[in-house]
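This report refers to the structure that appears directly beneath it.
Number of protein chains: 2
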Amino acid sequence: MDATDKKLLELLQSDTKKTTAALAVKLNLSVTAVYERIKKLEREGIIDKYVALLNRNKINKGFVVFCHLKLLQHTKEFINQFEKEVIKLNEVLECFHVSGDYDYILKVCVKDMEEYREFMVTKLTTLQHIGSTHSTFMIGEVKNTTAFTV
Amino acid sequence: MDATDKKLLELLQSDTKKTTAALAVKLNLSVTAVYERIKKLEREGIIDKYVALLNRNKINKGFVVFCHLKLLQHTKEFINQFEKEVIKLNEVLECFHVSGDYDYILKVCVKDMEEYREFMVTKLTTLQHIGSTHSTFMIGEVKNTTAFTV
DNA sequence: ATTTTTATAGATTTATTTTCTAATTATTTT
DNA sequence: AAAATAATTAGAAAATAAATCTATAAAAAT
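Heads up: the sequence lines are chains E and C, in that order. Counting from 12, one number per residue, gives the positions in the first sequence under my numbering. Counting from 12, one number per residue, gives the positions in the second sequence under my numbering.
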């Protein structure tokens with residue numbers, strides 16, 4: 012992974028619709044060289060996937076909540092059961108097992124508070140083994156990128 | 012936005028390298044119909060961008076921290092200054108202004124604890140107007156997707 | 001009912017990706 | 001250091017896909 016690969020990854024992380032020819036110009040390489048580098052990064056698993064990112068606000072998912080929660084117990088069974096269930100919830104885009112006062116941080120995206128309430132009551136709190144929850148509401152987005160500086 | 016559009020968005024959110032012809036088969040439509048639907052979703056801003064997602068662990072960014080922090084004051088000047096600065100930090104992939112005990116939640120991605128310490132000491136805590144911080148460490152990834160269920 | 005707009009299909013053109021061959025550069029082995 | 005091997009690069013050709021065009025069908029507005 013040299014400087015050219017890093018630059019290439021930067022470009023691909025910001026826009027995958029650029030043609031290989033356009034990338035080649037920016038990287039001062041031939042089309043084939045760029046093509047082979049991309050294929051290598053894909054083979055190595057450094058590039059995981061190519062996806063479309065949607066505008067949250069245009070699809071009624073502009074209400075973002077960080078939901079912190081504790082399990083009742085930390086047995087392997089409780090953890091496995093909870094994690095298996097939480098994955099299925101469409102409103103939960105991210106769920107991380109974390110250190111600290113709470114066991115998990117969830118990023119929940121819904122339309123509004125009304126829908127969040129509905130989610131809490133009919134989905135989240137019906138999961139087994141949940142102790143307490145604490146909701147932190149997003150009031151503004153300062154930075155939100157999927158692009159690492161490699 | 013009908014059921015076909017929703018299905019189309021699902022497909023594009025999971026993989027943008029599928030050809031229009033392949034999408035057309037899955038959606039029972041002609042290539043042109045799919046093509047025009049995609050262009051419309053782009054025009055409307057529902058599709059924001061097309062990006063490559065990298066594997067954190069393969070690029071030394073596997074150490075993820077949720078950093079909660081408070082400002083000393085909540086004047087417009089302090090907020091603007093802080094937000095302007097935090098955006099520039101490469102280790103910070105996300106920064107949300109939030110309700111609750113803390114003002115901001117940052118998602119920080121680095122190589123290891125050593126590098127996180129370095130980030131805290133030389134970057135984060137040198138920002139103006141920062142009161143207190145609280146770090147929550149990711150110990151496991153249960154779910155992490157960019158794809159909304161439309 | 002008629003016009004207008006919108007969505008779709010198939011065919012054609014244009015552009016891009018992928019493959020192939022050869023040459024160059026870098027790395028390893030002797 | 002020289003030779004051998006492997007990896008990277010370039011340009012051309014082939015294969016594939018995207019974009020455009022024309023025509024038709026469906027839906028919405030007048």
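Built from N, CA and C at the ideal position, the CB exists for glycine as well. This structure is a prediction, so every number in the text was calculated from the model and none was measured.
Same chain, Cβ closer than 8 Å to residue i, neighbours up to 5 away in sequence not counted
{"i": "Thr157/E", "result": "Gln24 and Leu64"}
{"i": "Thr15/E", "result": "Leu38, Leu40 and Arg48"}
{"i": "Glu21/C", "result": "Ala158, Thr160 and Val161"}
{"i": "Ala35/E", "result": "Ser41, Val42, Ala44 and Val45"}
Cutoff 6 Å; reference residue i; Cβ partners in own chain excluding five residues on either side
{"i": "Leu52/E", "result": "Ile58"}
{"i": "Cys120/C", "result": "Lys72, Val75 and Leu104"}
{"i": "Lys29/E", "result": "none"}
For residue j and residue i, the rounded distance between their alpha carbons
{"i": "Phe77/C", "j": "Phe148/C", "result": "6 Å"}
{"i": "Leu83/E", "j": "Thr31/E", "result": "52 Å"}
{"i": "Asp26/E", "j": "Val62/C", "result": "5 Å"}
{"i": "His140/C", "j": "Gln92/E", "result": "43 Å"}
{"i": "Gly56/E", "j": "Thr86/C", "result": "45 Å"}
{"i": "Glu129/E", "j": "Ile98/E", "result": "18 Å"}
{"i": "Asn155/E", "j": "Gly111/E", "result": "24 Å"}
{"i": "Lys122/E", "j": "Asn68/E", "result": "8 Å"}
{"i": "Lys60/E", "j": "Leu19/E", "result": "15 Å"}
{"i": "Glu94/C", "j": "His145/E", "result": "25 Å"}
Range of the contiguous alpha helix (DSSP H) that encloses residue i
{"i": "Asp16/C", "result": "Ala14 to Ser25"}
{"i": "Leu38/C", "result": "Thr31 to Leu38"}
{"i": "Tyr214/E", "result": "Given that chain E is displayed from residue 12 to residue 161, the structure contains no residue 214/E and the question cannot be resolved."}
Identity of the residues DSSP links to residue i by a beta bridge
{"i": "Ile150/E", "result": "In DSSP, Ile150/E forms no bridge with anything."}
{"i": "Leu100/C", "result": "Looking at the DSSP assignment, Leu100/C forms no beta bridge with any residue, so it has no partner."}
{"i": "Thr144/C", "result": "Leu80/C"}
Residue range of the beta strand (DSSP E) that includes residue i
{"i": "Val109/C", "result": "Val103 to Val109"}
{"i": "Tyr46/C", "result": "It is not in any beta strand (DSSP E) - Tyr46/C instead sits in the alpha helix (DSSP H) that spans Val42 to Arg54."}
{"i": "Leu65/E", "result": "Ile58 to Leu65"}
{"i": "Gln161/E", "result": "Per the sequence shown, the amino acid found at residue 161/E is Val instead of Gln. Per DSSP, Val161/E belongs to no beta strand (DSSP E) and is neither H nor E."}
{"i": "Tyr113/C", "result": "No beta strand (DSSP E) contains Tyr113/C, which DSSP labels as neither H nor E."}
Cβ shell of residue i (< 7 Å), same chain only, five flanking positions each side left out
{"i": "His108/C", "result": "Asp114 and Tyr115"}
3 or more residues per run - each beta strand (DSSP E) lying fully within the segment 67 to 97 of chain E = 74 to 82
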